[in-house]
Structures are given as structure tokens and as C-alpha cells.
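In terms of this note's numbering, the sequence shown has 33 at position 19, counting the first letter as 1, and numbering is strictly consecutive. Note that CB positions come from ideal geometry on N, CA and C, so glycine has one too. Remarks on the structure that follows.
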Amino acid sequence: MDNYSIVCKRCGRKLKSEESRSRGYGSYCYRKVAKDKKRDAEQKDKEDIEEIEPIDGQLDIEDILYEVS
């Protein structure tokens with residue numbers, strides 16, 4: 015019960031139901047926060063999966079370091 019709050023953590027309005035107080039968010043804000051967390055998790059998964067393909071003619075950092083030394 016470490017999330018217990020009298021006011022919403024997102025908008026600051028007074029929380030009326032016991033369920034909302036235990037969540038720390040009103041029903042509207044809870045849906046918004048859950049949606050944001052889901053979107054962020056999906057974005058993170060995309061970034062982890064996405065591989066960067068080299069562009070033709072693009073130098074690699076190792077190529078540059080070899081030329082400098």
C-alpha cells in the first residue's frame with residue numbers, strides 16, 4: 015500500500031474512491047498513465063529490435079581510426 019494517496023499523482027485532484035486512493039490515480043488518469051506506460055514499453059521494444067544497416071560508402075569508426083594512426 016505504498017501508493018496510497020489522497021490526491022491524484024497526475025492531476026492533483028482529490029481522490030474519492032478507496033480503489034483510486036490505493037492506486038494513487040483517479041480512473042481517468044490511471045487509464046492515461048497505463049496507456050503511456052504501454053506505449054513507452056512498445057517504443058523501447060522497437061528500439062531494441064531495430065538494427066542499423068550501414069549506408070553504401072559510409073565509413074566505420076574503425077576505418078577512420080585506422081587511417082589516422
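>> Can you list, in chain order, the residues of its chain with a C-beta nearer than 7 Å to that of Tyr39? Leave out the 5 residues immediately preceding and following it.
In response: If you number the sequence shown from 1, residue 39 lands on position 25. Answer for Tyr39: Cys22, Lys23, Arg24 and Val47, listed in chain order.
> Ends of the alpha helix (DSSP H) at Asp80?
Replying inline: As a working mapping, residue 80 is identified with position 66 in the sequence shown. Before going on, a small fix: residue 80 reads as Tyr here, not Asp. Annotation: the continuous alpha helix (DSSP H) that includes Tyr80 extends over Ile75 to Val82.
> Applying the criterion that 16 or more other CB atoms from any shown protein chain within 10 Å of the CB defines a buried residue, is Ser83 buried or exposed?
Replying inline: Indexing the sequence shown from 1 puts residue 83 at position 69. The residue in question, Ser83, is exposed, as its Cβ has fewer than 16 Cβ neighbours within 10 Å.
> How many angstroms separate the CA atom of Val67 from the CA atom of Asp54?
Replying inline: Mapped onto the sequence shown, residue 67 falls at position 53. Mapped onto the sequence shown, residue 54 falls at position 40. Note that residue 67 is Glu in the sequence shown here, rather than Val. Put simply, the backbone Cα of Glu67 is about 24 Å away from that of Asp54.
> In this structure, does DSSP put Lys28 in helix, strand or coil?
Replying inline: The sequence position of residue 28 within the sequence shown is 14, counting from 1. Correct three-state label for Lys28: strand.
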